[in-house]
Amino acid sequence: MTKLSAKIWIFVLATMAVTILFMYSMTNYLYENLYVKDTEDSMIEVGSKLAQMYKGGKVTDGFVNDIDRYNMYSNSNVFAVRNPRELSACVPFDIDYDTLIGPEERQSLIKGEVLAKKGYESRFDRQVISVVIPLVDEQRLEGILYLYFPLEKITELASKDVVMMIVAALIFLILIGFVIFKAIALLLKPLKQLKAAAMDMAAGQYATRVDIKSKDEIGQLATTFNEMAQAIEDEDQRQKQFLENVSHELRTPISYIKGYSEAILSGIIKEEEQPEKLALIVREAARMEKLTNELMQLSRPAGPQGVLKLYPLPLSETIREVVVMLSQRATEAEISIQLHLDDEAVIMADELKMKQIMINLLENALRYSDEGTVIDVSSSIHGEEVVVQIVDHGIGIPSEDLPKVTERFYRVNKARSRADGGSGLGLSIVAQLVQAHDGRWTIDSELNLGTTITLYFPIVEEIE
Amino acid sequence: MKKITLVGLLCCVCILAACDHTSYEKITKNEDFIASVNILQPSIDFINTAGNVLASWSLEEPYTGATLIGDDAILLYGNQMEHADLVRLSSGKQLMKIDVKRGATNAYYNKETTDFYITNGDNNTVTSYQIDGQEKQQVVLGNYPMAMYVKDTHLFVINFKDNYMSVLNSASLKEEKTYAIPKSSHGIDFVDGELWIGGHGAGEKPNSQVRRMNSKTGKIEGMLDLPMMPIAFASTNGSEFVLSHGENMLYELNDAHEIIWQKEIGSNPFTIAAFQQHIVLAGYDDRTLYWIKNHKIIRKTKVGKGPFNLLVREGEQ
Numbered sequence: 001m002t003k004l005s006a007k008i009w010i011f012v013l014a015t016m017a018v019t020i021l022f023m024y025s026m027t028n029y030l031y032e033n034l035y036v037k038d039t040e041d042s043m044i045e046v047g048s049k050l051a052q053m054y055k056g057g058k059v060t061d062g063f064v065n066d067i068d069r070y071n072m073y074s075n076s077n078v079f080a081v082r083n084p085r086e087l088s089a090c091v092p093f094d095i096d097y098d099t100l101i102g103p104e105e106r107q108s109l110i111k112g113e114v115l116a117k118k119g120y121e122s123r124f125d126r127q128v129i130s131v132v133i134p135l136v137d138e139q140r141l142e143g144i145l146y147l148y149f150p151l152e153k154i155t156e157l158a159s160k161d162v163v164m165m166i167v168a169a170l171i172f173l174i175l176i177g178f179v180i181f182k183a184i185a186l187l188l189k190p191l192k193q194l195k196a197a198a199m200d201m202a203a204g205q206y207a208t209r210v211d212i213k214s215k216d217e218i219g220q221l222a223t224t225f226n227e228m229a230q231a232i233e234d235e236d237q238r239q240k241q242f243l244e245n246v247s248h249e250l251r252t253p254i255s256y257i258k259g260y261s262e263a264i265l266s267g268i269i270k271e272e273e274q275p276e277k278l279a280l281i282v283r284e285a286a287r288m289e290k291l292t293n294e295l296m297q298l299s300r301p302a303g304p305q306g307v308l309k310l311y312p313l314p315l316s317e318t319i320r321e322v323v324v325m326l327s328q329r330a331t332e333a334e335i336s337i338q339l340h341l342d343d344e345a346v347i348m349a350d351e352l353k354m355k356q357i358m359i360n361l362l363e364n365a366l367r368y369s370d371e372g373t374v375i376d377v378s379s380s381i382h383g384e385e386v387v388v389q390i391v392d393h394g395i396g397i398p399s400e401d402l403p404k405v406t407e408r409f410y411r412v413n414k415a416r417s418r419a420d421g422g423s424g425l426g427l428s429i430v431a432q433l434v435q436a437h438d439g440r441w442t443i444d445s446e447l448n449l450g451t452t453i454t455l456y457f458p459i460v461e462e463i464e
Numbered sequence: 001m002k003k004i005t006l007v008g009l010l011c012c013v014c015i016l017a018a019c020d021h022t023s024y025e026k027i028t029k030n031e032d033f034i035a036s037v038n039i040l041q042p043s044i045d046f047i048n049t050a051g052n053v054l055a056s057w058s059l060e061e062p063y064t065g066a067t068l069i070g071d072d073a074i075l076l077y078g079n080q081m082e083h084a085d086l087v088r089l090s091s092g093k094q095l096m097k098i099d100v101k102r103g104a105t106n107a108y109y110n111k112e113t114t115d116f117y118i119t120n121g122d123n124n125t126v127t128s129y130q131i132d133g134q135e136k137q138q139v140v141l142g143n144y145p146m147a148m149y150v151k152d153t154h155l156f157v158i159n160f161k162d163n164y165m166s167v168l169n170s171a172s173l174k175e176e177k178t179y180a181i182p183k184s185s186h187g188i189d190f191v192d193g194e195l196w197i198g199g200h201g202a203g204e205k206p207n208s209q210v211r212r213m214n215s216k217t218g219k220i221e222g223m224l225d226l227p228m229m230p231i232a233f234a235s236t237n238g239s240e241f242v243l244s245h246g247e248n249m250l251y252e253l254n255d256a257h258e259i260i261w262q263k264e265i266g267s268n269p270f271t272i273a274a275f276q277q278h279i280v281l282a283g284y285d286d287r288t289l290y291w292i293k294n295h296k297i298i299r300k301t302k303v304g305k306g307p308f309n310l311l312v313r314e315g316e317q
């Protein structure tokens, strides 16, 4: 019993069977409590009215005849009893006779109480509802009116056709079982489709989609499944693209290194030109090293230990150190870097990683700025945040490229950046590290006017 | 320590004495009374000649009947009990406990011999006892012996569920003869040398007749129509009274056995007795004793639940 459809089918069928049983007992209950009670009440009413004809004294033949005559037209059976034997009058004696009323009932009747009974009455050899109305005069039980109605239980009624009823119930259950089976199969069809699609996905067919139009839970599941499939397919695509990029990025320096070293070995390159070519080989090897380092950095943003070493860091100091490191390159490119730093800005940061962020950003700014321009680096405190801004007046980034600049190996100007030593991974690494420091950042750029990068980090409150 | 032991011992004796000897309210010697034995909630009410209740004994055990033994004792028995108790009236103390078999239906005191008899409906026996409770004789009779009457040296016993009655020697209990009677017969009296037998009637059909029989032969002398279910007799002032419990009817018959008066009295009465020139009738359902004199109910006395038997103690007039 592993199939959901079978479980649902059995559940529904069992529920139906329980419902049938419940309806049966409910009907029985209603029968007992409404029909029986109603019959009893009406018999008490009729009996009490008939008893009003009794005017005291002995129960006369006339009275008995009147009751008999009424009985001929009555729904229930009624008769008058005046035989003291039947009324348990001799009860202190050991009577070998089955009286109509018992000694306790007699005591109740003498007090004028009306009796109502339900059950088997041997005298009538059947289940009856009976009502006994006393005819009492001066504390003497002169007689009784005995009314009874055959109590044909529903089971008794049904027992006549019990085989037919059972067969009908069985046929009904079989039919309804078949209908439910079909209905469940129809309802669960989309689930089957989903299962097949999931298996296709598992087999690597990421383009698989399910075609389910319904809006119910299964429809929603199908939509979610399709979204998931799309995400997996996209991710797969990105992975492929990434591998393609990595191999492409590695191939260029490798082909340089391979080409020149082969040329040197085979003597194609003259001896006096060799140092220049060797320098080229070294440069390309350094680029490969940088690339692989950055790839490693991307795969493990927190470093080999896996955690950032955070401590309160005076940000201005770090920025100044980075600027000093890059001042040589700035001078070569005839670009000046101007600082407007707030020395109060302290953030929780890993110093090395923070330097990496600043280096990547400033290298980019230097790389894409024209000679003679200025790069402004500022830091300030805005509320709970430290804001760092790097503004260059370089070539800028086309607005359509802006959302993609953090993608790995994405280059706005592929030829130029590669020639400038850019790997295409710098901003990806920045994005990762900023996030690791609980910060955020924005890039605003206008083509040919320059780029503004703004970083936000949570401030460290000074400990008083 | 000795003191404590003594007190403890005394307590034990008291408790044991209390257990063993149920004591009832005393009935003054020589005071005439009529006692109603009530069986729905076992009790006995003793009523004096003025109609006042002398004492009411509430009975702890399931006694179903009682009979006076001599002038100062009462025998209490129960159909489902295995002992009968003899209680002295003047002291209210139990005289003795008599072991009997379960199934006692009736007890009867023979003034002549001072023996008493207990019939048993389970074993179908009658057993005679001396006044001191010593068992004398036992014989097996017909089915369910109950009503008894002693005349001369004969003990007449009606077998309630059988179709004959037994005539025994009152001393030896030797069965002398049997007379054919209908089933469910009850009530015996001797009227003018005749044996009168009443009854309920067997099965569904109620009996409405008293059969007059020759006491020596059992021959039917005649039938008296006294509807319905005549079962009790009493005579006073030369008149014979018959109680028919099926119609709550009390009949007075003259010497010619004709009905000279009849009246519906009480609710489901089972017994009547003559007391101080009255006929006293006990209504079982309305728990009332009716005192009748000169065709009038002159007094009603409320008694316990289900008065079934009347016992009379009267000094010699």
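Protein sequences, first through last, are from chains A and B.
Residues in the first sequence are numbered consecutively from 1, following UniProt numbering.
Residues in the second sequence are numbered consecutively from 1, following UniProt numbering.
Note that beta-carbon positions come from the ideal geometry of N, C-alpha and C, so glycine has one too.
Got a sec: is the Cβ-Cβ distance from G198(B) to anything in chain A below 8 Å?
Start at 1 with the first residue of the second sequence, and residue 198(B) comes out as number 198. No, no contact with chain A.
Within the same chain, show all residues whose beta-carbon is closer than 6 Å to that of G306(B), passing over the 5 residues directly before and after it, in chain order.
Along the second sequence, read from residue 1 onward, the residue named residue 306(B) stands at position 306. Here the set comprises N38, I39, L40, Y284.
Residue range of the alpha helix (DSSP H) that K177(B) falls in?
Counted from its first residue, the second sequence places residue 177(B) at position 177. Per DSSP, K177(B) belongs to no alpha helix (DSSP H); it is in the beta strand (DSSP E), 175-180.
Measure the beta-carbon distance from I74(B) to F116(B) and round it to whole angstroms, keeping in mind my assumption that it falls under 8 Å.
The residue labelled residue 74(B) in the question sits at position 74 within the second sequence. The residue labelled residue 116(B) in the question sits at position 116 within the second sequence. Actually they do not touch by this definition, with Cβ atoms about 11 Å apart.
Own chain, CB closer than 6 Å to Q317(B), minus 5 neighbours either side, in chain order:
For the purposes of this step, residue 317(B) is identified with residue 317 of the second sequence, where counting begins at 1. Only weak support exists for where Q317(B) lies, its pLDDT of 44 falling under 50; the coordinates are left without a value.
Starting from the beta carbon of I39(B), find every residue of chain A whose beta carbon is closer than 7 Å, and list them in chain order.
Mapped onto the second sequence, residue 39(B) falls at position 39. Here the neighbours are P92.
Tell me P103(A)'s beta-bridge partners as DSSP assigns them.
Position 103 of the first sequence, counted from the first residue, corresponds to residue 103(A). According to DSSP, P103(A) bridges with nothing at all.
Neighbouring residues, chain B, relative to Y97(A) (Cβ below 7 Å):
On the first sequence, residue 97(A) is found 97 positions in, with the first residue counted as 1. Scanning chain B for C-beta atoms nearer than 7 Å to the C-beta of Y97(A) yields G203, E204, reported in chain order.
In chain E, what lies closer than 8 Å to L141(A) by C-beta?
Among the protein chains in the structure shown, which are A and B, there is no chain E.
Any C-beta of chain B under 8 Å from that of A14(A):
Mapped onto the first sequence, residue 14(A) falls at position 14. Under the Cβ distance rule, A14(A) does not count among the residues neighbouring chain B, no pair being separated by less than 8 Å.
Is the shortest distance between the beta-carbon of R85(A) and the beta-carbons of chain B less than 8 Å?
Reading the first sequence from its first residue, position 85 is the one you call residue 85(A). Output row for R85(A): interface = yes.
G78(B) CB to nearest chain A CB: under 8 Å?
Reading the second sequence from its first residue, position 78 is the one you call residue 78(B). With 8 Å as the cut-off, G78(B) does not count as an interface residue toward chain A.
Contact check, E249(A) vs L291(A), beta carbons under 8 Å
For the purposes of this step, residue 249(A) is taken as residue 249 along the first sequence, with counting starting at 1. For the purposes of this step, residue 291(A) is taken as residue 291 along the first sequence, with counting starting at 1. Yes. Within cutoff.
Do we get a CB-CB distance below 8 Å when we pair I20(A) with the residues of chain B?
Counted from its first residue, the first sequence places residue 20(A) at position 20. Answer no: the Cβ-Cβ gap between I20(A) and chain B never drops below 8 Å.
Which runs of the beta strand (DSSP E) at least 3 residues long sit entirely within the stretch 221-255 of chain B? Give them in chain order.
230-236, 239-244, 249-253
Chain A beta carbons: is any one of them nearer than 8 Å to that of F233(B)?
Numbered from its first residue, the second sequence carries residue 233(B) at position 233. It does not: the Cβ of F233(B) has no partner Cβ on chain A nearer than 8 Å.
Compare the beta carbon distance of F275(B) and I231(B) with 8 Å and say whether it is the shorter of the two.
On the second sequence, residue 275(B) is found 275 positions in, with the first residue counted as 1. On the second sequence, residue 231(B) is found 231 positions in, with the first residue counted as 1. Cβ atoms of F275(B) and I231(B): not closer than 8 Å.
Nearest-angstrom Cα distance between V13(B) and G92(B)?
Counted from its first residue, the second sequence places residue 13(B) at position 13. Counted from its first residue, the second sequence places residue 92(B) at position 92. Any reading at V13(B) needs caution, since the residue's pLDDT is 48, under 50, leaving its predicted position unreliable; the model's value is listed next. Using only the alpha carbons, I get a separation of about 20 Å.
Check whether A35(B) and I44(B) have beta carbons under 8 Å apart:
For the purposes of this step, residue 35(B) is taken as residue 35 along the second sequence, with counting starting at 1. For the purposes of this step, residue 44(B) is taken as residue 44 along the second sequence, with counting starting at 1. A contact, by the Cβ cut-off of 8 Å.
Beta-carbon proximity of L341(A) to S379(A), cut-off 8 Å
Counted from its first residue, the first sequence places residue 341(A) at position 341. Counted from its first residue, the first sequence places residue 379(A) at position 379. It is a contact, given that the beta carbons lie within the stated cut-off.
Counting only the same chain and skipping the five closest in sequence on each side, list residues whose C-beta sits under 6 Å from that of G450(A).
Residue numbering aside, residue 450(A) sits at position 450 when the first sequence is read from its first letter. Only D392, H393, G394, G396 meet the Cβ criterion.
Give the range of the alpha helix (DSSP H) segment to which K309(A) is assigned.
As a first step, residue 309(A) must be located in the first sequence, where it is residue number 309. Run containing K309(A): none; DSSP gives neither H nor E here.
Mind checking if G315(B) is an interface residue toward chain A, Cβ cutoff 8 Å exclusive?
What you label residue 315(B) is simply residue 315 of the second sequence in a count that begins at 1. False, the Cβ-Cβ gap to chain A never drops below 8 Å.
Could you work out which residues of chain A lie near Y144(B), taking near to mean beta carbons separated by less than 8 Å?
Stepping through the second sequence from its first residue, residue 144(B) is reached at position 144. Going along chain A in sequence order, the residues near Y144(B) (Cβ under 8 Å) are D94.
Could I get the ranges of all uninterrupted beta strand (DSSP E) runs contained in the stretch 97-132 of chain B, with 3 residues as the minimum, in chain order?
Counting whole runs of 3 or more residues, the stretch 97-132 of chain B contains the beta strand (DSSP E) stretches 104-110, 115-120, 125-129.
According to DSSP, G199(B) sits in a beta bridge with which residue or residues?
Taking the first residue of the second sequence as 1, we reach residue 199(B) at position 199. DSSP, once it has assigned bridges, lists S185(B) as partnering G199(B).
What are the start and end residues of each continuous alpha helix (DSSP H) run of 4 or more residues lying completely inside the stretch 424-459 of chain A, in chain order?
426-436
Using a Cβ-Cβ cutoff of less than 6 Å, which residues in the same chain neighbour F160(B) once the five nearest sequence positions on both sides are dropped?
Taking the first residue of the second sequence as 1, we reach residue 160(B) at position 160. Once the five neighbours on either side are set aside, the close Cβ partners of F160(B) are Y144, M146.
Would you mind reading off the limits of the beta strand (DSSP E) that contains H154(B)?
Working through the second sequence from its first residue, we reach residue 154(B) at position 154. Where H154(B) is concerned, the enclosing beta strand (DSSP E) stretches over 154-159.
Report yes if the C-beta distance between residue 475(A) and L427(A) is below 8 Å; otherwise report no.
With chain A running from 1 to 464 in the structure shown, residue 475(A) is simply not present.
DSSP state of Y284(B) mapped onto helix, strand, coil:
Counted from its first residue, the second sequence places residue 284(B) at position 284. Coil, per DSSP.
Got a sec? Which residues, its chain only, sit under 8 Å from F233(B) by beta carbon, not counting five neighbours each side?
Indexing the second sequence from 1 puts residue 233(B) at position 233. The residues are G187, I188, D189, V191, W196, G198, E240, F241, V242, L243, I272.
Just checking, does the stretch 348-361 of chain A make contact with the stretch 270-281 of chain A on the three C-beta pairs under 8 Å criterion?
no
Using a beta-carbon distance cut-off of less than 7 Å, what residues from the stretch 96-116 of chain A approach chain B?
D96, Y97, I110
Measuring straight from C-alpha to C-alpha, what distance separates A51(A) and P134(A)?
Stepping through the first sequence from its first residue, residue 51(A) is reached at position 51. Stepping through the first sequence from its first residue, residue 134(A) is reached at position 134. Spanning the two alpha carbons is a distance of roughly 8 Å.
Spatial neighbours of C19(B) within its chain, please: CB distance less than 6 Å, with the 5 preceding and 5 following residues excluded, ordered by chain position.
Position 19 of the second sequence, counting from 1, holds the residue named residue 19(B). Bear in mind that the predicted position of C19(B) carries a pLDDT of just 47, short of 50, making it unreliable; the figure below should be weighed with that in mind. So no residue of the chain qualifies.
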